[in-house]
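See structure below.
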Amino acid sequence: VLRNTVLKITNYGRRLIYHPFDTHLAHFYEQCIEAHVGYFGSIIVSLVSQESYNFLDAQAEKKADLEYLIQLFEDYCTSNDKAEFCYKTNISLKGIENAYKIFKHLNHSRDGSIETALRVFSRCFEHNLCTRLSDGSYQHYRLNEKIYIHPTSGFFKRKDKKVVVVDVFCTTKTYARIVGKYYD
Numbered sequence: 001v002l003r004n005t006v007l008k009i010t011n012y013g014r015r016l017i018y019h020p021f022d023t024h025l026a027h028f029y030e031q032c033i034e035a036h037v038g039y040f041g042s043i044i045v046s047l048v049s050q051e052s053y054n055f056l057d058a059q060a061e062k063k064a065d066l067e068y069l070i071q072l073f074e075d076y077c078t079s080n081d082k083a084e085f086c087y088k089t090n091i092s093l094k095g096i097e098n099a100y101k102i103f104k105h106l107n108h109s110r111d112g113s114i115e116t117a118l119r120v121f122s123r124c125f126e127h128n129l130c131t132r133l134s135d136g137s138y139q140h141y142r143l144n145e146k147i148y149i150h151p152t153s154g155f156f157k158r159k160d161k162k163v164v165v166v167d168v169f170c171t172t173k174t175y176a177r178i179v180g181k182y183y184d
């Protein structure tokens, strides 16, 4: 219990709490801006912040989660009939419209590469580092809990030794929601 404690919020902290998503995503977004990949950061945080919607499709097995989300969002933005696009790709129109509204407020110039954005993601979510076990599941580095990759993820059945995850959700097992490659 904190009593009579004076907390000081730094300038960086003020920038983080300004954003309409949790602090980890806000930190990732700010780091993307500093690394000159704000465009890709805008796409990723606007989609990942929609917690009630899963934009990952089981057909995206060959692509990594973040690369798939970026391509999906760019395809949505360039499509002529948004409702038809959502129907064909089996994603929620309401969810992606919410993400698009957030993206418009965050949008930064398109410079930098997706690779740089993936490296920033790896660095920002390093606290959720997971290492592969022999049974195909992953073990959270700090918590020592077993985590499974959700079947809709592009990392499902891949053999990456280390991955980082945005967060997990629990059903009968603990599943990773959004997975990214870990860069040393």
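When we follow the numbering used here, the leftmost residue of the sequence shown carries the number 1, and every step to the right adds one.
Here a beta-carbon is modelled for each residue, glycine too, at the ideal position from N, C-alpha and C.
Bear in mind that the values here come from a model prediction, so they are computed numbers and not experimental data.
Just how far apart, CA to CA, sit residue 124 and residue 101? Position 124 of the sequence shown, counting from 1, holds the residue named residue 124. Position 101 of the sequence shown, counting from 1, holds the residue named residue 101. Each residue's alpha carbon lies about 24 angstroms from the other.
Would residue 149 be called buried (16 or more neighbouring beta carbons within 10 Å of its own) or exposed? The count along the sequence shown starts at 1 and reaches residue 149 at position 149. The C-beta of residue 149 has 16 or more other C-beta atoms within 10 Å across all chains shown, which makes the residue buried.
Exposed or buried, residue 77, counting other C-beta atoms within 10 Å across all chains shown (16 or more means buried)? The count along the sequence shown starts at 1 and reaches residue 77 at position 77. When all chains shown are included, residue 77 counts as exposed.
Leaving out the 5 sequence neighbours to the left and right, which residues in its chain are closer than 8 angstroms to residue 131 when beta-carbon positions are compared? Looking up residue 131 in the sequence shown gives position 131. Short of 8 angstroms from the beta carbon of residue 131, and not among the five residues preceding or following it, lie these beta carbons of its own chain, in chain order: 138, 139, 141, 161, 162.
Which residues bound the beta strand (DSSP E) around residue 180? As a working mapping, residue 180 is identified with position 180 in the sequence shown. Start and end: 179 to 181.
Cα-Cα separation, residue 7 to residue 23: As a working mapping, residue 7 is identified with position 7 in the sequence shown. As a working mapping, residue 23 is identified with position 23 in the sequence shown. Separation of residue 7 and residue 23 (C-alpha to C-alpha, rounded to the nearest whole angstrom) is 17 angstroms.
In terms of DSSP beta bridges, what is residue 176 paired with? Here the question's residue 176 lines up with position 176 in the sequence shown. According to DSSP, residue 176 bridges with 149, 168.
According to DSSP, simplified to helix, strand and coil, what is residue 50? Translated into positions along the sequence shown, residue 50 becomes position 50. Residue state, collapsed to three classes: coil.
Opposite residue 68 in the DSSP bridges: which residues? Against the sequence shown, residue 68 aligns to sequence position 68. The partner list for residue 68 (beta bridge, DSSP) is empty, contrary to what the question assumes.
Neighbourhood of residue 179 by C-beta distance below 7 angstroms, restricted to the same chain and skipping five residues each side: Residue mapping note: residue 179 aligns to position 179 of the sequence shown, counting from 1. Closer than 7 angstroms at the Cβ level, and outside the excluded window around residue 179, lie 65, 149, 153, 155, 163, 165.
Where residue 114 and residue 49 are concerned, what is the direct C-alpha to C-alpha distance, given to the nearest angstrom? Along the sequence shown, read from residue 1 onward, the residue named residue 114 stands at position 114. Along the sequence shown, read from residue 1 onward, the residue named residue 49 stands at position 49. The C-alpha of residue 49 is placed about 19 angstroms away from the C-alpha of residue 114.
Looking at the structure shown, is residue 24 part of a helix, part of a strand, or coil, going by DSSP? Here the question's residue 24 lines up with position 24 in the sequence shown. Helix at residue 24.
6 angstroms CB neighbourhood of residue 99 in its chain, flanking five on each side removed: As a first step, residue 99 must be located in the sequence shown, where it is residue number 99. Around residue 99: 46, 47, 50.
In whole angstroms, give me the CA-to-CA distance for residue 52 and residue 11. Here residue 52 corresponds to residue number 52 of the sequence shown, with the count starting at 1. Here residue 11 corresponds to residue number 11 of the sequence shown, with the count starting at 1. A direct Cα-to-Cα measurement between residue 52 and residue 11 gives close to 31 angstroms.
Identity of the residues DSSP links to residue 37 by a beta bridge: Start at 1 with the first residue of the sequence shown, and residue 37 comes out as number 37. Paired residues: none, contrary to the question.
Our contact map puts residue 31 next to residue 120 with C-beta atoms below 8 angstroms; I'd like the distance itself, whole angstroms only. Within the sequence shown, residue 31 is the residue found at index 31, counting from 1. Within the sequence shown, residue 120 is the residue found at index 120, counting from 1. The pair is a contact, with the Cβ atoms about 5 angstroms apart (cut-off 8 angstroms).
Residue 159 and residue 118 closer than 8 angstroms at C-beta: As a position in the sequence shown, residue 159 is number 159, starting the count at 1. As a position in the sequence shown, residue 118 is number 118, starting the count at 1. Against a cut-off of 8 angstroms, the Cβ pair of residue 118 and residue 159 comes out as no contact.
Since I believe residue 109 is in contact with residue 29 (beta carbons under 8 angstroms), could you give me their beta-carbon distance rounded to a whole number of angstroms? Here the question's residue 29 lines up with position 29 in the sequence shown. Here the question's residue 109 lines up with position 109 in the sequence shown. Contact check for residue 29 and residue 109: beta-carbon distance about 15 angstroms, past the 8 angstroms limit, so the pair fails to qualify.
Under DSSP, the beta strand (DSSP E) around residue 127 begins and ends at which residues? Against the sequence shown, residue 127 aligns to sequence position 127. Neither: residue 127 is in no beta strand (DSSP E) and is coded neither H nor E.
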